[in-house]
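6 is the number of the first residue of the sequence shown in my numbering; add one for each residue after it.
Heads up, the beta-carbon is just placed ideally off N, CA and C, and yes, glycines get one too.
These notes are about the structure you will find just below.
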Amino acid sequence: MLQDHSAVGNERQLILFTLGKGNYGIPIENVFEIKKMEEITVVPKAPKFIEGVINLRGNVIPVIDLRKRFGMDKVEISKKTKIIIVEIGKRQFGLIVDAVAEVVTLSNDQIEQSLPTVSGLKAEFINGIGKLNDKLIIILEISRILQSTEDIKIES
């Protein structure tokens with residue numbers, strides 16, 4: 006797992022990624038691994054945003070298509086498409102993103118907590134809006150995005 010440096014003092018480290026033209030970030034302490042897109046096994050009767058499952062070193066991991074989760078249009082898979090493996094508690098999930106950009110450190114005063122309405126995203130999915138140079142970064146609340154997946158029981 007990547008080291009936890011996400012909330013050092015007044016700073017937060019984030020993995021930045023893109024979906025369409027939007028910039029998104031998730032706290033680095035939730036990121037276990039970043040993988041190239043691979044074949045995903047479909048799970049019948051799973052929620053629509055669950056693309057399926059992958060095998061990660063013997064563990065079966067549910068994979069969420071963030072575009073579907075956020076009601077965005079589907080795009081073709083490219084060489085830049087990645088699966089970010091996140092860990093919440095002892096559970097792991099994959100998140101399909103258009104591209105992974107970089108790791109950044111934002112100070113608390115670069116993060117707006119009072120949230121404007123962001124089209125296509127439920128406010129509950131957003132932890133804050135980060136400001137980095139001329140970019141706005143939607144910081145996601147991973148645990149809320151994953152909430153609907155808690156009922157999915159997958160045996161390894």
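Item to complete: Would you tell me roughly how many angstroms separate the C-alpha atoms of I89 and G57, rounded to the nearest one?
Response: 14 Å
Discussion item. Can you tell me whether D103 is buried or exposed? The criterion is at least 16 other CB atoms within 10 Å of its CB, across all chains shown.
Written reply: buried
Item to complete: Give me the Cα-Cα distance between Q118 and I69, rounded to the nearest whole angstrom.
Response: 26 Å
Discussion item. Under 8 Å, with one C-beta from each stretch per pair, do the region 42-62 and the region 126-136 reach the 3-pair mark?
Written reply: no
Worksheet item: Is the distance from the Cβ of F98 to the Cβ of P67 below 7 Å?
Response: yes
Worksheet item: What residue range is occupied by the uninterrupted alpha helix (DSSP H) comprising K73?
Response: L71 to R74
Practice prompt. May I ask which residues mark the beginning and end of the beta strand (DSSP E) holding S112?
Written response: A104 to S112
Worksheet entry | For E34 and T110, believed in contact at Cβ under 8 Å, the rounded distance | At roughly 13 Å, the Cβ-Cβ gap does not stay under 8 Å, so T110 and E34 are not in contact.
Discussion item. Taking 8 Å as the cut-off, does the region 131-143 touch the region 76-94 (at least 3 CB pairs, one atom from each stretch)?
Written reply: no
Practice prompt. Pull up the CB-CB distance for I147 and I59, whole angstroms please, since I reckon it's below 8 Å.
Written response: At roughly 18 Å, the Cβ-Cβ gap does not stay under 8 Å, so I147 and I59 are not in contact.
Discussion item. So for I142, helix, strand or coil by DSSP?
Written reply: strand
Discussion item. Quick check: is the beta carbon of A51 nearer than 7 Å to any beta carbon in chain C?
Written reply: Among the chains of the structure shown, chain C does not appear; only one protein chain is present.
Practice prompt. For V91, write down the residues that DSSP places opposite it in a beta bridge.
Written response: V36 and F98
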